[in-house]
Structure formats: structure tokens, C-alpha cells
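Below is one structure, written out as C-alpha cells; comments come after it.
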Amino acid sequence: MLERGEVASGTTGRNHCLLHSGGRYCVKDQESAIECIDENLILRRIMPGVLELNDGLFVAINEDDLAFKDKFLEGCAACHIPARDLPVKRALEMEPFLNSKILAAVQIPDGVFEPFRLCLAFLATAHQNGAVTRPYTEVTELLCAGRNVTGVKVVDHRTGKTETLGADLVVNATGPWAEKIARMAGMDVPVSPTAGVMVTINKRLNNMVINRLNKPSDGDIVVPQRTTAIIGTTSWTVPDADQIVIPKDHIDKMIHKGQELIPAIQHTVTRGVGAVARPLIRRAGGDEREVSRTFECFDHQHDGVNGLVTISGGKTTTARAMAEKVADIVCAKLGVRAECRTRDTLLASYRLFYN
Amino acid sequence: MSLEAPVKIFRYKPGDDAPRYPTYRVTVPDEANVIDLIEAVWRQDPTFTFRHACHHASCGTCAVRVNGYERLPCIYPVTEALKGRHEILIEPLRNFPIVSDLVVDVAGFFQKQEASRLIITRTAEAALVDRPYVRSEIFDEEGKLAERPYNRFENCIECGICLSACPTMAAADKFFGPAGLAALYRARQESNDPQQKSLLLALADGEQEAWRCHSAFECTQACPQNVDPAGAIMALRRDLITHKIKRFFGMR
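For the record, the sequence lines run as chains A and B. Numbered by the working numbering, the letters in the first sequence go through residues 37 to 391 in order. Numbered by the working numbering, the letters in the second sequence go through residues -3 to 248 in order.
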């Protein structure tokens, strides 16, 4: 496993930390919502003790939100997401900093993870099963023999040394950088780096993830984590995932929109601001908010290049499912007959990554 | 608005005779944190290596020394770092082996952290910023409603800042270190098993463990998460002394 920088220094490490229940997508993007709830329940089982599991609330602030509630509950039912319609009074007792003017609240099994440690736990387990991880090692070239990808050329930024590594098959799992890598073999993959700004405040004012009860939009979620909370997010397409300039007005918007959910945010101090590019799979039409958050696997053999498979799209919550899908394709291509076991494999302590 | 910030950075690759300190000139927004500055340097020079992930002081990876003090650059504003100075100095943490530039080898550190087997989630406080809340049923591992308390991550983010700031660590590299000892203390607090509590106390009872600390309290001063490792070490010492006195008098 080659990683250009530190483990989780790309998109996965700098995300919203939301263990999705799927509620966010259950009306407009049900395929993604089902992937999320399935993986949510798997991760609860295989990585105990390293998740904040306090659920989430979808709250209605205005009549438009309230009108969305029935569609939301129907969406949850269709995607088998457990949902509980809570009396407003009860919701305010559970979350005392919530906007006291909320009109409705629905409880769903959202959670919170810590992205770096989530990645380490998967990789520590992979190490125990024979995997080797090489951080700070950047792929600079795909080695090709005719229409076959036969390996990679890399530079180890720790030492400056370059080397070539042969491979039966190369998996391009580089998120918003997927197109950049695929182009090294003359392939296109329809992935758009789509940035989002997240603002972290210095206080934890909610135990549950607080979401706006409506279709996804800017500043509609406050994710608590440890003693802080993260307000997110915005969404705009960027030409290069490495060149994201955070617009000041996006930061202001997060703080303003976050206060609609939790007014006391106005009394907090901004602790950190981050932005990172999501890997969204381009499909015909629609703006970036309409693009599905599901993932897709591209076997480039179909386009005439052997030995290269790209996996992209998806979310950190569905990372294990993405790995399962790509591993199944790799096994089929290499003639390996084996069942994927990761949905039942208890993950090793993340600290063992460094053993 | 943006500001131009000259930044002098520690550069070193294995095999180099000595570190270099080149100065980079980068432009960042007024409200940028030092991690944005570090990323801007990397965009100028992709051979530059540094650790980072979350950019909101949760992962602990990006810890470095800024102007001689241990900081998490993801929450340290550039304007603060420039106060009273014309140039920002960025160096790797002390008391860790250098891998490359700002990247240090954290393997030994994480191995010590693992000794306590401290689970990184704890029961959440009964109040949010002094405002109590009512507990309720929440969904369990199978998506069924069950009565259980809210949880949250432990305060320690294992950034290594306390080890870097620790003068004892600088003089005795076998010292178990403030973070590892604080983890032993927290694991003892969380455990209800007397045998486990004794075992954890025994792990802290050694020449290179709780007794090696010179009580400089630099770890507590530098900790960005208010973990108070020095307080934890002092508490471990109290527990150890109590345990030894009780044992001397034949008490359990």
C-alpha cells in the first residue's frame, strides 16, 4: 500500500468524522444511504471502543424542513435505517443547546469516528495479514508494457530515492486524485475533486450529531467530537485537489448556518478550519450536491488497458465496502477464489500499526 | 486579505551531514493556521515531508515546534506565530528519532501508549458546558434502542508534544514518558477490575516509569488538550506509595 504522505493525509484524514447512518441521503440518494447504514452497523461491530456512538438528530427549523419530515421517515424506512420520531420537548431535554424553536426531531444511528485512527486500525489489521504500508512514497509513473500496466515507479520522499515496483495488478484507490493516476495509463475516470469547508469550534455543545431535516445543503450539520464540534460543510468543484484555497465567506457561512441549529455557537471560538476534496463520481447532469455519494469500481480492461483497477467515490463510512468490492474484482481477475472476511473481522488496535 | 510569511524550516534527509534551515516565502490568508503555511511550503517543494491529517486538533499527527515551542500547527494562527518576529521557525518534535524533515518516528511512542490498553472512548460528562442533559435510549450495535450513556473520545490525542517538552525525556530516552504514564493513570481510573488496576499500577512502578519524572511539569504546560500528564504522574506516585505502605503493614 503506497501513500504519498502520512497515513490519512489525504481526503480520508480530513473529513467530517461522521459515521453516517445514511439519513443524510435517504431521500435523494438511497443507494448511498443503504451502503451507509449497512457499513455503520458493521463498523460498530468490528471496531468497538473507537467510535463515539451517540446517534444523530435531524431537526426541523422551519416549515420547509417540517414538510420534509414525512419524506425523510419514508426514506429511512425504505433504506432500513432505524429512526425514532422524538417529541420536541424530549429532544430539547437531551440536547439542551439545540435551537429551542425546532419544530420536529428524528433520531437516527449516526456516529463519530476519528479518521486517522480508523485508517490505522484497518492498516494494523492488514499488516497482521501480511500487508506492507509505505507512507511518503509517491507514484510518479505507471509502468506499461503495451496495453498492460506492469507496476509503478515511485519516489520515497523520506530519502529522495526512486524505484520501480512490479505488480500483477495495480489498484488505483486515490480518491480525488484517481483521474490523475489513471491518466498515467491514458485512462479517464469520471471523478471530480469537490471541496468542502469544515469549521471546528472550541466547545462541545451537543452529544448527538445535529443535522438539518432537509436535503443536504451548506452548513447543515454539527458533528461533536471529543470536547469540540465540527460544522460543515460547503461543496464546490476544484480543478486540483492539492490547490484548495478556503474562501473566507465559506467559513463565515458555516458559523452562521451552524447557529441556526445551535445558537450558542455564537459564543464559541473557532479552533480549526480545514478543507478537502471529496471524490465525486461524475454522472450526467446535476450540480455537485445532486451527485450520488456512492462508489464505483472501474476495471480498465474494458477500455483496453489490463492490470489497472480504479475504485473511487464513496465515503469513509463505506471504505470497508469499497475495499471488499475492489478485492473481489482483483481476486476474480487473478483467479483467486476466496470470500472477503472483513465484515466479520475484529480490527486490531490502531496503535499496533506501528509494531 | 492575505499575508506573506517568511518561514524557516528544519530540513533533513537520512544521509545528510547536518540539518539545513532554508527560508521559504509563502502567502496565506490572514486567518490561516501554521499548518496552512506548512502545506504552502510543500506546494513549493514536494520533497518536503511533514505529518498531518485532520487539521482540527483531533488526530495529533501534525505536532511540531514553532519558534521553539511545541504546538499543533493546525490550531495555531500564523498571526500568533509572527507576533514580535519577522520570521517563523518550524522544527520537528524533540526526543523522537528524525525520519525526514518534520517527520519523526512515533513507533516507540505508540508502543508505550499501547501498554495501558487504554480504550480511547469514555463515558461523556453529565452536562454539556455546565448544562445538564437527560439521558435517553440510543441505538446499539444492532440498531436497536437501548439505555446507555453517551460516550466521547479521551482528551489525549497522542500528539507527542508532552514527550518533546519533557526535560527528563531529553536526558533519559528510556523514560516511559508523560503520555504513556497518563494513559496508565486513565486506564486505572476507567477499570473496575482490582487485578487490572494492580497490574496497571505495577507497570508505572519502575525506575524508568513514574519515579523517573523530575516534576518539571513542562508536559502539562505544553499539552494542547489539558490532559495534565504531570498531575497523572503525581497521582500514580501517590497510589504507589499508598499501595506500598499498605503492603508493608500487611493490608491489601
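Using N, Cα and C, we set each Cβ at its ideal position, and we do this for glycine too.
Would residue i count as contacting chain B if we go by Cβ distances under 8 Å?
i       : result
R248(A) : no
T198(A) : no
Q261(A) : yes
S385(A) : yes
F133(A) : yes
K284(A) : yes
V175(A) : no
T346(A) : no
H193(A) : yes
N165(A) : no
Y390(A) : yes
M223(A) : no
R81(A)  : yes
So is residue i buried or exposed if we call it buried at 16+ other beta carbons inside 10 Å?
i        : result
P225(B)  : buried
A59(B)   : buried
F334(A)  : buried
L55(A)   : buried
S(-2)(B) : exposed
R234(B)  : exposed
R61(B)   : buried
H193(A)  : buried
D224(A)  : exposed
D32(B)   : buried
Y17(B)   : exposed
L370(A)  : exposed
L382(A)  : exposed
P275(A)  : exposed
V168(A)  : exposed
M358(A)  : buried
M130(A)  : buried
Give the DSSP-derived three-state secondary structure of residue i in the structure shown.
i       : result
D126(B) : coil
D106(A) : helix
E87(B)  : strand
V207(A) : strand
W38(B)  : helix
V124(A) : helix
F171(B) : coil
Y386(A) : helix
E205(B) : coil
P15(B)  : coil
V30(B)  : helix
R148(B) : strand
Which residue marks the beginning of the alpha helix (DSSP H) containing residue i, and which one marks its end?
i       : result
S160(B) : I157 to A161
L196(B) : P190 to A200
D285(A) : K284 to L297
T75(B)  : V74 to A77
A214(A) : A214 to R219
A111(B) : A103 to A111
Please report whether the beta-carbon of residue i lies at a distance below 8 Å from any beta-carbon of chain A.
i       : result
F135(B) : yes
C155(B) : no
F244(B) : no
E138(B) : yes
E66(B)  : no
P69(B)  : no
R182(B) : no
I5(B)   : no
L141(B) : yes
I116(B) : yes
N151(B) : yes
C158(B) : no
Y8(B)   : no
N188(B) : no
P220(B) : no
N29(B)  : yes
L124(B) : yes
Where do the ends of the beta strand (DSSP E) carrying residue i lie?
i       : result
L177(B) : L177(B) -> not in any beta strand (DSSP E); alpha helix (DSSP H) instead, spanning P174 to E186.
R248(A) : V245 to R248
P225(B) : Note, P225(B): premise wrong, no beta strand (DSSP E); alpha helix (DSSP H) at P225 to F244.
S96(B)  : I94 to S96
E66(B)  : Y65 to R67
N222(B) : Here N222(B) belongs to no beta strand (DSSP E), and DSSP marks it neither H nor E.
K9(B)   : No beta strand (DSSP E) holds K9(B); DSSP gives it neither H nor E.
R118(B) : T117 to T119
Tell me whether residue i, by its Cβ, gets closer than 7 Å to a heavy atom of the ligand PLP.
i       : result
T164(B) : As for the ligand PLP, it is missing from this structure, which has no ligand bound.
Counting only runs that start and end within the stretch 146 to 205 of chain A, where is the alpha helix (DSSP H) found for 4 or more residues in a row?
151 to 164
If we require 4 or more residues per run, which alpha helix (DSSP H) segments fall completely within the stretch 327 to 377 of chain A?
355 to 370
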